[in-house]
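Undergrad:
Right, dumping it as structure tokens:
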């Protein structure tokens, strides 16, 4: 029976959210209210009640994590994943409950925390290492390994502000990868870097897990969670919704989030509320499942309390390995002149050329000046592509591999040495079973 | 194996142990501040001499030549520089450490270590500048052929006092700045006024005797007088004034530490 590494009892974290500080959080407010206090404390109290809202980012979370377990924490944005990690890595304190951690812990909530752009690669290795909790002696000992892993040897004495973003991330991860904690807490750090580098990181984390150490891993990348973790914890609205074997949890997670999964998003600065993001079939039915080659309609219902002129909307469809395709007004230049009151914007992706896998839809809305972001880039919907590839003329022996393949398939044509030509495409919609029966019947007649 | 308990409102015992295990970070953060401060400057560390030198010239002309303040038989520029040394240390340490938490907000929201380290290292970084300017003071004393009195052996005490005063004020300002960015505007004022309120360009003996104790509430009065007493030795120590200044520093640093520790837990949420 392995020992317990982390025990979490009734953990809760409350944030007090002010409503876009109409009065200001600054000192003037503090002084003002102190001076007004004797006169109108009743009034200010009432105002404050209106302004401040309690928000429990985490509530009554109980977990026991054994030594050597590799745990994936999943859940929608705002479900409390990051808050949980922040408490476990002691960046913030809980409002309620307690956590007992046995073992040296390192947390990696961001790659390259504390990197200073003016300093050279060499200097940053030392600085970053020290910030992550390594001693000087430890850094000197591992220095060569870190440099080798990062593949930036020749730029070691160049300020990192001159690095490409790829080099920057490689160096940063290299330092972090050489921490030797007993418990590792990782947040979504694999979301950066190119595919090859991501694989390298995943490999490093895998070997870390194989060496019997405890890992807590937060990611939106379900394939990464599935391949690394045995156990998954699904957080929903600050509570542990489900806890169990990774495959089962991810399965139910997807079934539940597919379809209408939009979180209402509001940006009071612009007076815009995104009330709903729905995925619909070309017939107008809401759905979380599509077949390869179907049309998929992304429908955004918004309420603009103030006039928003010429916003720039973009959608991205994201698969397990990254972005698949996008519709982006920043590029195509077609923008609504004005958003005012309630309304809808839809975008139809025609005959989606996707293999049966799970995808998310992300959205961003920028202001007319491009720089200001009205709705930050975030996941707004999630869908599954399902279907039997055999119906599309696929007849390989390894069709199950489709779940891990590069997901986008543009129509292509093979030409074999003997001159045979074969078209392959996911865009042709196969006949629905009843139709096929009907056509068979017709043929027999 | 180390066991760590995270609980609402309980971090105290762990804190001082963490401070010890992260002790190397004091050095690394101070080292970073120093490296970064003079990167891409042509004169580099020279600035930590040019700055006090120019201020000294101005103050010598204004107070010594134009204002004809008494110098007590010491070259006026030496008088000014010996006051300027601790003052510049105090003022840079105060503004650097006051800004340090906000400047390092990315660290605070992404990684744990005792936040006190950030404040202390920025004071240490300013202290290194202080040491460099101190070398210049030695040169100035040789130039004027002015031998320091035996009191010079008490100098470390006043250096410590200056350090404690800077840290005390730095803790307060840094913690307050997290919540109230107003201090970003207040600190430059404090530095500007402080130069004239503190006895930098003149001797504190010009202050009427009945106001001396009140005047000593400014902790830098005790520090600057102490520096002059150690380095120039002409003036006697104003003991009750010094006692007030020392008490002031002690109050400042203990209250600063307490306030800092109290608010530290919420830094990541507020910043």
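Protein chains in written order, with our numbering: chain A, 1 to 445; chain B, 1001 to 1271. Just so it is clear, CB atoms sit at the ideal spot from N, CA and C, and this is done for glycine as well. Remember, it's a predicted structure, so these values are computed and weren't measured experimentally.
For residue 12 of chain A, does the three-state DSSP call read helix, strand or coil?
TA: Reduced to three states, the DSSP call for residue 12 of chain A is strand.
Undergrad: Quick check: the segment 1128-1139 of chain B against the segment 1082-1097 of chain B, are there 3 or more CB pairs under 8 Å?
TA: Yes, they touch.
Undergrad: What number of angstroms, rounded off, separates the C-alpha of residue 294 of chain A from the C-alpha of residue 114 of chain A?
TA: About 46 Å.
Undergrad: So, with DSSP's three-state summary, where would you put residue 1162 of chain B?
TA: Three-state result, residue 1162 of chain B: helix.
Undergrad: Please tell me whether residue 312 of chain A and residue 330 of chain A are closer than 8 Å, where the distance is taken between their beta carbons.
TA: Their beta carbons are under 8 Å apart, which means residue 312 of chain A touches residue 330 of chain A by this criterion.
Undergrad: Which chain A residues are close to residue 1003 of chain B, counting only those with a beta carbon under 9 Å from its beta carbon?
TA: Neighbours of residue 1003 of chain B on chain A, chain order: 100, 101, 102 and 103.
Undergrad: For residue 358 of chain A, which of helix, strand or coil comes out of DSSP?
TA: If DSSP states are grouped into helix, strand and coil, residue 358 of chain A belongs with the strands.
Undergrad: May I have a chain-ordered list of the alpha helix (DSSP H) segments no shorter than 4 residues that lie completely inside the segment 287-337 of chain A?
TA: You should have 329-332.
Undergrad: Enumerate, from N- to C-terminal direction, the unbroken alpha helix (DSSP H) stretches of 4 or more residues contained entirely within the segment 219-250 of chain A.
TA: Counting only runs of 4 or more, we get 222-228.
Undergrad: From the DSSP output, which residues share a beta bridge with residue 373 of chain A?
TA: According to DSSP, which records beta bridges pairwise, residue 373 of chain A is partnered with A:366.
Undergrad: For residue 1224 of chain B, which of B:1064, B:1015 and B:1081 has the nearest alpha-carbon?
TA: That would be B:1081, whose Cα lies nearest to the Cα of residue 1224 of chain B.
Undergrad: Enumerated in chain order, which unbroken segments of the alpha helix (DSSP H) with a length of 4 residues or greater are wholly contained in the segment 1183-1229 of chain B?
TA: Listed in chain order, the complete alpha helix (DSSP H) runs (minimum 4 residues) inside the segment 1183-1229 of chain B are 1183-1197 and 1212-1215.
Undergrad: Does the segment 1067-1075 of chain B touch the segment 1096-1115 of chain B, meaning 3 or more C-beta pairs lie closer than 8 Å?
TA: Contact between the segment 1096-1115 of chain B and the segment 1067-1075 of chain B is absent, because fewer than three Cβ pairs lie under 8 Å.
Undergrad: With distances taken between CB atoms, is the gap from residue 54 of chain A to residue 16 of chain A smaller than 8 Å?
TA: Yes. Within cutoff.
Undergrad: Pull up the DSSP beta-bridge partners for residue 149 of chain A, would you.
TA: Paired residues: none, contrary to the question.
Undergrad: Short of 9 Å Cβ to Cβ, which residues in the segment 1106-1136 of chain B face chain A?
TA: Cβ contacts with chain A: 1106, 1107, 1108, 1109, 1110, 1111, 1112 and 1113.
Undergrad: Across which residues does DSSP place residue 279 of chain A in a beta bridge pair?
TA: BP columns for residue 279 of chain A point to A:298.
Undergrad: So with CB distances below 8 Å, who are the chain B contacts of residue 97 of chain A?
TA: What residue 97 of chain A touches in chain B: 1007 and 1008.
Undergrad: Report yes or no: is there a C-beta of chain B within less than 8 Å of the C-beta of residue 68 of chain A?
TA: Chain B contact via Cβ: absent.
Undergrad: Compute the distance between the beta-carbons of residue 218 of chain A and residue 188 of chain A, then report whether it is under 8 Å.
TA: Against a cut-off of 8 Å, the Cβ pair of residue 188 of chain A and residue 218 of chain A comes out as a contact.
Undergrad: Starting from the C-beta of residue 305 of chain A, find all residues in its chain whose C-beta is less than 6 Å away, skip the five residues before and the five after it, and write them out in chain order.
TA: Here the set comprises 271.
Undergrad: In chain order, which alpha helix (DSSP H) runs of at least 4 residues are fully inside the segment 1113-1143 of chain B?
TA: The segment 1113-1143 of chain B contains these whole alpha helix (DSSP H) runs: 1116-1143.
Undergrad: In chain order, what residues of the segment 1026-1039 of chain B put their CB closer than 7 Å to some CB of chain A?
TA: Flagged, chain order: 1028, 1032, 1035, 1036 and 1039.
Undergrad: Counting beta carbon pairs with one atom in the segment 1156-1163 of chain B and one in the segment 1046-1058 of chain B, are three or more of them shorter than 8 Å?
TA: Because the criterion of three Cβ pairs below 8 Å is not met, the segment 1046-1058 of chain B and the segment 1156-1163 of chain B do not touch.
Undergrad: Going along chain A in order, which residues have a C-beta closer than 8 Å to the C-beta of residue 1268 of chain B?
TA: Within chain A, the residues near residue 1268 of chain B are 86, 91 and 92.
Undergrad: Check whether the segment 1231-1245 of chain B touches the segment 1198-1213 of chain B, taking contact to mean three or more Cβ pairs, one atom from each stretch, closer than 8 Å.
TA: Flag = yes, the segment 1231-1245 of chain B and the segment 1198-1213 of chain B touch.
Undergrad: From the DSSP secondary-structure annotation, give me the bridge partner or partners of residue 1004 of chain B.
TA: Beta-bridge pairing links residue 1004 of chain B to A:101.
Undergrad: Under 8 Å Cβ to Cβ from residue 367 of chain A, same chain only, skipping five residues before and after it: list those, please.
TA: Excluding sequence neighbours, residue 367 of chain A sits near 270, 308, 311, 312, 373 and 374.
Undergrad: Mark residue 238 of chain A as exposed unless 16 or more other C-beta atoms lie within 10 angstroms of its C-beta, in which case mark it buried.
TA: Flag for residue 238 of chain A reads buried.
Undergrad: To the nearest whole angstrom, what separates the beta carbons of residue 386 of chain A and residue 417 of chain A, a pair I think is in contact under 8 Å?
TA: Going by Cβ atoms, the distance from residue 386 of chain A to residue 417 of chain A rounds to 36 Å, so no, they are not a contact pair.
Undergrad: Tell me which residues of the segment 133-145 of chain A have at least one Cβ-Cβ distance to chain B shorter than 8 Å, keeping chain order.
TA: Per Cβ criterion, the list reads 133, 135 and 136.
Undergrad: Let me know if residue 1217 of chain B comes out buried or exposed under the rule of 16 or more other beta-carbons within 10 Å of its beta-carbon.
TA: Result: exposed.
Undergrad: Mind checking if residue 123 of chain A is an interface residue toward chain B, Cβ cutoff 8 Å exclusive?
TA: Yes, contact with chain B.
Undergrad: Could you tell me which of B:1241, B:1043 and B:1226 sits nearest to residue 1210 of chain B, measuring between CA atoms?
TA: Out of B:1241, B:1043 and B:1226, B:1241 has the C-alpha closest to the C-alpha of residue 1210 of chain B.
Undergrad: Between residue 1221 of chain B and residue 1245 of chain B, which are expected to be in contact by the criterion C-beta below 8 Å, what is the C-beta distance as a whole number of angstroms?
TA: Sure, about 6 Å apart at Cβ, within 8 Å.
Undergrad: Answer with yes or no whether the minimum CB distance from residue 1024 of chain B to chain A is below 8 Å.
TA: True, the Cβ-Cβ gap to chain A drops below 8 Å.
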